[in-house]
Each structure stands twice: as C-alpha cells, then as structure tokens.
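Participant: Quick note: the sequence shown uses our numbering, first residue 187, plus one each step.
First the structure, which I've put down as structure tokens, then a few questions once you've had a look.
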Amino acid sequence: MFENFQVPASLRPSDPRFGVGPSLIPVSHVEALAKTGTSLLGTSHRKPAVRNLVKELQDGLREYFKLPAGYEIVLGNGGATLLWDMIGLGMVEKNSLHFVTGEFSEKWYKAHAQIPWLKAREIKVEPGHGINPKDEPGFDMICTTLNETSTGVMISSLPTLGDEKALLAIDATSGAGQIKVDWKKVDLYYFAPQKVFASDGGLYIAILSPKAVERALRLQQDKSRYIPEYMKWSHAIENSRQNQTYNTPSIATIFLMNEQVKLMNKMGEDKVIAEAKRKADLMYAWAEEKPYLSPYIQEKSMRSQAVVTIDVDDKYKMDDLAGVLRAQNVVYDIEAYRKLNRNQLRIALFHNVSYDDLVKLTKIISLAVETN
Ligand SMILES: Cc1ncc(COP(=O)(O)O)c(C=O)c1O
Numbered sequence: 187m188f189e190n191f192q193v194p195a196s197l198r199p200s201d202p203r204f205g206v207g208p209s210l211i212p213v214s215h216v217e218a219l220a221k222t223g224t225s226l227l228g229t230s231h232r233k234p235a236v237r238n239l240v241k242e243l244q245d246g247l248r249e250y251f252k253l254p255a256g257y258e259i260v261l262g263n264g265g266a267t268l269l270w271d272m273i274g275l276g277m278v279e280k281n282s283l284h285f286v287t288g289e290f291s292e293k294w295y296k297a298h299a300q301i302p303w304l305k306a307r308e309i310k311v312e313p314g315h316g317i318n319p320k321d322e323p324g325f326d327m328i329c330t331t332l333n334e335t336s337t338g339v340m341i342s343s344l345p346t347l348g349d350e351k352a353l354l355a356i357d358a359t360s361g362a363g364q365i366k367v368d369w370k371k372v373d374l375y376y377f378a379p380q381k382v383f384a385s386d387g388g389l390y391i392a393i394l395s396p397k398a399v400e401r402a403l404r405l406q407q408d409k410s411r412y413i414p415e416y417m418k419w420s421h422a423i424e425n426s427r428q429n430q431t432y433n434t435p436s437i438a439t440i441f442l443m444n445e446q447v448k449l450m451n452k453m454g455e456d457k458v459i460a461e462a463k464r465k466a467d468l469m470y471a472w473a474e475e476k477p478y479l480s481p482y483i484q485e486k487s488m489r490s491q492a493v494v495t496i497d498v499d500d501k502y503k504m505d506d507l508a509g510v511l512r513a514q515n516v517v518y519d520i521e522a523y524r525k526l527n528r529n530q531l532r533i534a535l536f537h538n539v540s541y542d543d544l545v546k547l548t549k550i551i552s553l554a555v556e557t558n
C-alpha cells in the first residue's frame, strides 16, 4: 500500500527525524563537536577538559530545572534501564509501589519484583489509559513514569507523600525537559538523554533530593544486600560530585547533551514547555479533525506533550506508509510501539522537532491517505 505515493517537494520537512528516541540531534551540535578537534574527544575523563564539560552540563541542568538547594545531579553509564535495578537494589528499603501505564513502567516494576528482599506492588491500567500516582501508606518508595513512551500517556499531578521518610521516584526519560514537576515533591528523577535532550543513549542522569542521597548511602551499609560494585550509589554520587562518572563515559554523548541544554536554557523551561504544548495542540487537533484518525489517549489531561500517539483507520496501513516515507528519506520513525500492535502513528514533539515540520508531516500523511 502507498507504494506509488510521492512526497511533493514543497512538503519535505527540513529534517526527517520524528522518532521518539533516539531523537533528532541538530547537525549544528554535531558540527560543534567536530570543531573541538583534538581538545576533547580522546582525552582523559579525569582531566579538566572533560570535567569542566560535565560541570557545565550539571550547572546547565540545575538552571533549566530550577532545582531546590541540596539536590544533586548524578551521572553514569547504563542509561535509564540500569537505574531500574540500581534503584531497587540500593534505594528501596522494603517495598515499592509502581503506577504502571505501559511497557517501560512495567519493566521498572518487574526489575524491583525480582529482588529477593523487596516487595513490589503494581497498580496498573490498560495501555492507552493513564493514572496519576497517589500516596499509599506502607510503601517507602512510590514509582511513576512521567511520560510512558510506549503509549504517549503523561502524568499531570504528583502526590505529597504522607510519610515524610518515603521517596517519590520518577522515570522522566521521555518527558524530562517538556513536562514540569514540583521539585518539592520529588526525591529521585531520572532520564536518559536520547529524547528531549537530544544526545545519544547509554548515559543516565539522576537528580536526587537530600533524602534520596541519605537513603542510598545508608542502605549501602547494609551488608546483607548484595549490590554489584557498578551499581553502588556511593560511587555514582561521589564521582558526580567531582564532575566525573564512575567508569569511562562517552564524551561525545555528554558534549551533545550539553549543547542541547545550552540551547534550551536560551528559552528557559516555561517557553520550551509552551512550545511543546503548541505542537501537541496542532497534532491532537489534526487527529480529531480527520475522520480516519483519532487520538489514542482519550483522557485529554493525560495526552502527552512529548510523544503523540494517533490511531489510524485500519484501511490505511501506517507501517506501509512509514516504509515508503523512509525509503524516500523524507520521514523516519513514526511507527507505533511494536508491542502495542496497533495501526498507529507515534511522533516525537521534542524540542528540536519544529512546528513547521510537524505541519508538513500532517499534510504528507493526509495527502497519502486521501489520495490513496
Ligand atoms: C520511559 C522510559 N524509561 C526507560 C527507558 C529506557 O531507556 P534506556 O534505553 O536509556 O535504558 C526508555 C526508553 O525509551 C523510556 O522511554
């Protein structure tokens, strides 16, 4: 299907990358990396050139998120996936409660459920639905996913925990930077940079409240838990305090992320989020207007402003269209999350995906369907 469809030259987007991760990395950032020549790549991550870069990134994130005093920015290798285990092993006392809305929140829950000394419980909704996390007595960690990348559902409110010793932990991987949180309520907020922060994968950034730091360092004293050396929070925290990672990082990844943070700091978080909402409005209005489209997420307040998901009438095979657009090098990575098994579009609204390119994308898809 769609094999004879040709994208008119006037509708070609300025950049073909609409994927939700890895996401669009501006070519100018790659050029800036190349310009560092012999001064950065291939130099020691324990020496000033790289450590100053790490510090600039940490300071830039602190400025962007307007973090309260005492919150620490911890970096390490392994991406967000590593943290599911590292948090379970080293930051949960006895039991964690997980609000599960899709594939990624489920994986986090399962990681904790396998740890012999923990009790993990999940509160789960069907894919396509959302649920805001709630306080639940008896759990020392409440876990939630800011933006469920697999379905395009986001959370819109956070609870204040009644037990002042309990921690609220957030996987913010695909929402960080475009969905605001109230930091006073958050103890652990982590993400990988291959989404809004436009870098390569493999790195994690974890923002810890003083309570989370205290918990992690204290639990590590408990010799009855086996925590692999690589996953010890003390290594991650101590190295990050010295603007380093525990083991050798990808310097290019840190550089590219820092370029993106500088770019976003020129606008500031509020304007970045306003722009994300403008793009979300465009996409959901299009999905509601066309008879062959419908937004996958029904509850309006839970529709993501970072990842949009749109169901398409089964008559028009979106995987076929995505293949045709990819072959013409016009549009990449708009397919649905594979395990959802739906005739669906999933499109990034990340900061670098421009409003004008989204307009063109909607026109391309409408034209393809309507002239089919
Ligand atoms: C919400 C969420 N959490 C975790 C991950 C895993 O991240 P990583 O591939 O960096 O381990 C992803 C990846 O897409 C994600 O979207």
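Glycine included, C-beta positions come from ideal geometry on N, C-alpha and C.
Among all residues, which have a Cβ less than 6 angstroms from at least one non-hydrogen atom of ligand 1, and in what chain order do they fall?
Facilitator: Screening all residues for a C-beta within a distance smaller than 6 angstroms of any heavy atom in ligand 1 leaves Gly207, Gly265, Ala266, Thr267, Phe290, Thr331, Thr335, Asp357, Thr359, Ser360, Ala378 and Gly387, in chain order.
Participant: Please identify the residue among Arg248, Asp499, Asp326 and Gln484 whose C-alpha is closest to the C-alpha of Lys476.
Facilitator: Numbered from its first residue, the sequence shown carries residue 476 at position 290. Per the Cα distances, Asp499.
Participant: Identify which residue in Gly314, Val493 and Asn433 has its Cα closest to the Cα of Asn527.
Facilitator: Translated into positions along the sequence shown, residue 527 becomes position 341. Answer by Cα proximity: Gly314.
Participant: Please state whether DSSP places Gln244 in a helix, a strand or coil.
Facilitator: Against the sequence shown, residue 244 aligns to sequence position 58. The three-state secondary structure of Gln244, taken from DSSP, is helix.
Participant: Under the assumption that Asn318 contacts Ser282 (Cβ atoms under 8 angstroms), give the Cβ distance between them as a whole number of angstroms.
Facilitator: Counted from its first residue, the sequence shown places residue 318 at position 132. Counted from its first residue, the sequence shown places residue 282 at position 96. Cβ-Cβ separation between Asn318 and Ser282: approximately 17 angstroms, too far for a contact (criterion under 8 angstroms).
Participant: Which residue's Cα is closest to the Cα of Lys397: Met488, Gln407 and Lys370?
Facilitator: Against the sequence shown, residue 397 aligns to sequence position 211. Answer by Cα proximity: Lys370.
Participant: Tell me whether His281 sits in a helix, a strand or coil according to DSSP, three-state version.
Facilitator: Along the sequence shown, one-based indexing puts residue 281 at 95. In the sequence under discussion, the amino acid at residue 281 is Asn, which differs from the His named in the question. Strand at Asn281.
Participant: Unbroken beta strand (DSSP E) runs of length 3 or more, entirely within the stretch 428 to 487: which are they?
Facilitator: 479 to 481
Participant: Answer with buried or exposed for Gly348, where buried requires no fewer than 16 other C-beta atoms within 10 angstroms of its C-beta.
Facilitator: Start at 1 with the first residue of the sequence shown, and residue 348 comes out as number 162. Flag for Gly348 reads exposed.
Participant: So what does DSSP say about Asp542, is it helix, strand or coil?
Facilitator: In the sequence shown, the residue the question calls residue 542 occupies position 356. The answer is helix: DSSP assigns Asp542 an H, G or I state.
Participant: DSSP state of Asp497, grouped into three classes?
Facilitator: As a working note, residue 497 is residue 311 in the sequence shown. Correct three-state label for Asp497: strand.
Participant: What number of angstroms, rounded off, separates the C-alpha of Gly274 from the C-alpha of Thr495?
Facilitator: On the sequence shown, position 88 is the one that residue 274 refers to. On the sequence shown, position 309 is the one that residue 495 refers to. When rounded, the distance between both Cα atoms is 30 angstroms.
Participant: Here's the rule I'm using: 16 or more other beta-carbon atoms within 10 Å means buried, otherwise exposed. How should Tyr412 be labelled?
Facilitator: Sequence index remark: in the sequence shown, residue 412 carries index 226 (1-based). Exposed is the call here.
Participant: For the stretch 380 to 399 and the stretch 535 to 546, state whether three or more C-beta atom pairs, one from each stretch, are separated by less than 8 angstroms.
Facilitator: yes
Participant: Measuring only the C-alpha atoms, how far is Arg307 from Ala299?
Facilitator: Mapped onto the sequence shown, residue 307 falls at position 121. Mapped onto the sequence shown, residue 299 falls at position 113. Whole-angstrom Cα-Cα distance: 8 angstroms.
Participant: Answer yes or no: do Met272 and Lys503 have a C-beta to C-beta separation smaller than 7 angstroms?
Facilitator: Working through the sequence shown from its first residue, we reach residue 272 at position 86. Working through the sequence shown from its first residue, we reach residue 503 at position 317. No. Outside cutoff.
Participant: Hey, how far is the Cα of Ala508 from the Cα of Phe441?
Facilitator: Taking the first residue of the sequence shown as 1, we reach residue 508 at position 322. Taking the first residue of the sequence shown as 1, we reach residue 441 at position 255. So the two alpha carbons sit approximately 31 angstroms from each other.
Participant: Just how far apart, CA to CA, sit Phe191 and Leu226?
Facilitator: The residue you call residue 191 lines up with position 5 of the sequence shown. The residue you call residue 226 lines up with position 40 of the sequence shown. Phe191 and Leu226: Cα-Cα distance of roughly 45 angstroms.
Participant: State buried or exposed for Trp270, treating a residue as buried only when at least 16 other CB atoms are found within 10 Å of its CB.
Facilitator: On the sequence shown, position 84 is the one that residue 270 refers to. With 16 or more other Cβ atoms within 10 Å, it is buried.
Participant: Would Asp373 be called buried (16 or more neighbouring beta carbons within 10 Å of its own) or exposed?
Facilitator: By 1-based counting over the sequence shown, the position of residue 373 is 187. Buried is the call here.
Participant: Would you mind giving the Cβ-Cβ distance between Gly338 and Arg532, rounded to the nearest angstrom? I have them listed as a contact below 8 angstroms.
Facilitator: As a first step, residue 338 must be located in the sequence shown, where it is residue number 152. As a first step, residue 532 must be located in the sequence shown, where it is residue number 346. Between Arg532 and Gly338 the Cβ distance is about 6 angstroms, and since that is below 8 angstroms, they are a contact.
Participant: Helix, strand or coil for Asp357 per DSSP?
Facilitator: Locating residue 357 in the sequence shown gives position 171, where the first residue counts as 1. Asp357: strand per DSSP, three-state reduction.
Participant: Using a Cβ-Cβ cut-off of 6 angstroms (strictly less than) and excluding sequence neighbours within five positions of Met327, which residues of its own chain qualify?
Facilitator: Working through the sequence shown from its first residue, we reach residue 327 at position 141. Result list for Met327: Val278, Ser282, Leu353 and Ala355, in chain order.
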